[in-house]
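>
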Ligand SMILES: [Zn+2]
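Numbering (the working numbering), first residue to last: 83 to 447.
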């Protein structure tokens, strides 16, 4: 190696800097001298000296230490690019970051951030239910999609990633979903799939994802039962219950994510998507989704009674909250009673033919 050795610097000798005298825009190439005061030496010019106590940091570009001096002309600035010279100088200036009262500097920025944090904490402690209801309609669809995508990864990690896409079964499922979706007035951004897992469940995620588990298909006895379940999940989508749940349960990380526009931040997102997959909806949200399902089934000329009967078959009288998300829905008996009260003789055609129903039942083999 024959490169030049690093420049040795005698701290008391100072180093190079650029000085603006505050009265002209001329750049003065000066040599700093660390004596009892900071001396700015320029060949052929009288030496300028700044008291260390009077030196303050000024706003400057990255990599440049820019300084001013309270006892010098207001616009006089000193710029130092050499890091070792800069650190030697700053170590001698005890009041470098001190600001006159009323100045908007670092202090003001810290104060502002603190105010933001305090207001977020206040929202979380006192106003999350309120905030969840108010914020939910404001969450953009693109953000819901990203939430749904992240939660989808969690769902597949927990329940397996085997999507049943056997041709005949998939066609029957698509036909059923389309009829429900179109009758409900929802656009085709709904992404529904059947997952192969013995868990008897179904649920919806923000961004339009609906999952039907083959374990629930196995327990279903007719297409109206499954249609009722899917209609219920469409109700959750329509009411954006998943997104509201995220704000409610994942409050802190979600609000901070919203504030800093960093909802994709990996840690927060994983936390949020876990919340989404593991938590159940409020009783009110369930009742609203049931009302939506009853209404939708009536519009299709079919009875919502099957939904109540399927839920009752799956959960029985005793609700095991750990069994599944569907099972954690409150008071299955009450729901069955409500669906039975809404029972009507069919006035519309069957939603699936016998052959289609068989194909759907066996969609996962
Ligand atoms: Zn539900």
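All residues carry an ideal CB built from backbone N, CA and C; glycine is no exception.
#1: What does DSSP give as the partner residues of residue 285 in its beta bridges?
#2: Specify, as a first and last residue, the run of the alpha helix (DSSP H) that residue 314 falls within.
#3: Starting from the Cα of residue 148, find the closest Cα among 139, 154, 155 and give me that residue.
#4: Just checking residue 371 against ligand 1 - is the residue's beta carbon closer than 6 Å to any of the ligand's heavy atoms?
#5: Write down the C-beta distance between residue 370 and residue 317 rounded to the nearest angstrom, noting that I regard them as a contact closer than 8 Å.
#6: Can the beta-carbon of residue 313 be found closer than 7 Å to that of residue 367?
#7: Hey, out of 432, 421, 419, 107, whose CA is closest to residue 382's CA?
#8: Can you give the Cα-Cα distance for residue 123 and residue 113, rounded to whole angstroms?
#9: What's the C-alpha gap between residue 252 and residue 224?
#10: Just to check my reading of the structure: residue 288 and residue 220 have Cβ atoms closer than 8 Å, yes? What is that Cβ distance to the nearest angstrom?
#11: Relative to ligand 1, is the shortest distance from any of its heavy atoms to the C-beta of residue 368 smaller than 6 Å?
#12: Ordered along the chain, which non-local residues of its own chain (more than five positions away) have a Cβ less than 6 Å from that of residue 394?
#13: So what's residue 131 in DSSP terms, helix, strand or just coil?
#14: If you compare alpha carbons, which of 435, 238, 286, 130 is closest to residue 279?
#15: According to DSSP, which residues form a beta bridge with residue 123?
#16: Among the candidates 127, 106, 98, whose CA atom is the shortest distance from the CA of residue 161?
#17: Quick check on this structure: which residue in 295, 275, 273 has the alpha carbon closest to the alpha carbon of residue 282?
#18: Specify the secondary structure class of residue 396 as computed by DSSP and reduced to three states.
#19: For residue 387, is the classification buried or exposed, using 16 other Cβ atoms within 10 angstroms of its Cβ as the cut-off for buried?
#20: Who are the Cβ neighbours of residue 445 in its own chain at under 6 Å, not counting the five residues just before and after it?
Answer, in terms of the structure:
#1: By 1-based counting over the chain shown, the position of residue 285 is 203. Answer is 293, bridged to residue 285.
#2: Numbered from its first residue, the chain shown carries residue 314 at position 232. Its alpha helix (DSSP H) spans residues 305–320.
#3: In the chain shown, residue 148 corresponds to position 66, counting from 1. In terms of CA proximity to residue 148, 139 leads the group 139, 154, 155.
#4: Numbered from 1 along the chain shown, position 289 holds the residue referred to as residue 371. Between ligand 1 and the CB of residue 371, the shortest heavy atom gap is smaller than 6 Å.
#5: Your numbering for residue 370 matches position 288 in the chain shown. Your numbering for residue 317 matches position 235 in the chain shown. Indeed they touch by this definition, with Cβ atoms about 7 Å apart.
#6: Stepping through the chain shown from its first residue, residue 313 is reached at position 231. Stepping through the chain shown from its first residue, residue 367 is reached at position 285. Not a contact, by the Cβ cut-off of 7 Å.
#7: Locating residue 382 in the chain shown gives position 300, counting from the first residue. The shortest Cα separation from residue 382 among 432, 421, 419, 107 belongs to 432.
#8: Locating residue 123 in the chain shown gives position 41, where the first residue counts as 1. Locating residue 113 in the chain shown gives position 31, where the first residue counts as 1. Taking the straight line from one Cα to the other gives about 5 Å.
#9: Position 170 of the chain shown, counted from the first residue, corresponds to residue 252. Position 142 of the chain shown, counted from the first residue, corresponds to residue 224. The straight-line gap from Cα to Cα measures roughly 27 Å.
#10: In the chain shown, residue 288 corresponds to position 206, counting from 1. In the chain shown, residue 220 corresponds to position 138, counting from 1. Contact flag wrong, Cβ pair sits at about 13 Å.
#11: Reading the chain shown from its first residue, position 286 is the one you call residue 368. Yes, Cβ of residue 368 sits closer than 6 Å to a heavy atom of ligand 1.
#12: Reading the chain shown from its first residue, position 312 is the one you call residue 394. Here the set comprises 414, 418.
#13: Taking the first residue of the chain shown as position 1, residue 131 is located at position 49. In the three-state reduction of the DSSP assignment, residue 131 falls in the strand class.
#14: To locate residue 279, count along the chain shown from 1; it is residue 197. When only C-alpha atoms are compared, the closest one is 238.
#15: Residue numbering aside, residue 123 sits at position 41 when the chain shown is read from its first letter. Paired residues: 113.
#16: Here residue 161 corresponds to residue number 79 of the chain shown, with the count starting at 1. Cα-wise, what sits closest to residue 161 is 98.
#17: What you label residue 282 is simply residue 200 of the chain shown in a count that begins at 1. In terms of CA proximity to residue 282, 295 leads the group 295, 275, 273.
#18: If you number the chain shown from 1, residue 396 lands on position 314. Here DSSP, grouped into helix, strand and coil, assigns residue 396 to helix.
#19: Within the chain shown, numbered from 1, the residue matching residue 387 stands at position 305. Buried is the call here.
#20: Numbered from its first residue, the chain shown carries residue 445 at position 363. The answer, listed in chain order, is 246, 248, 251, 276.
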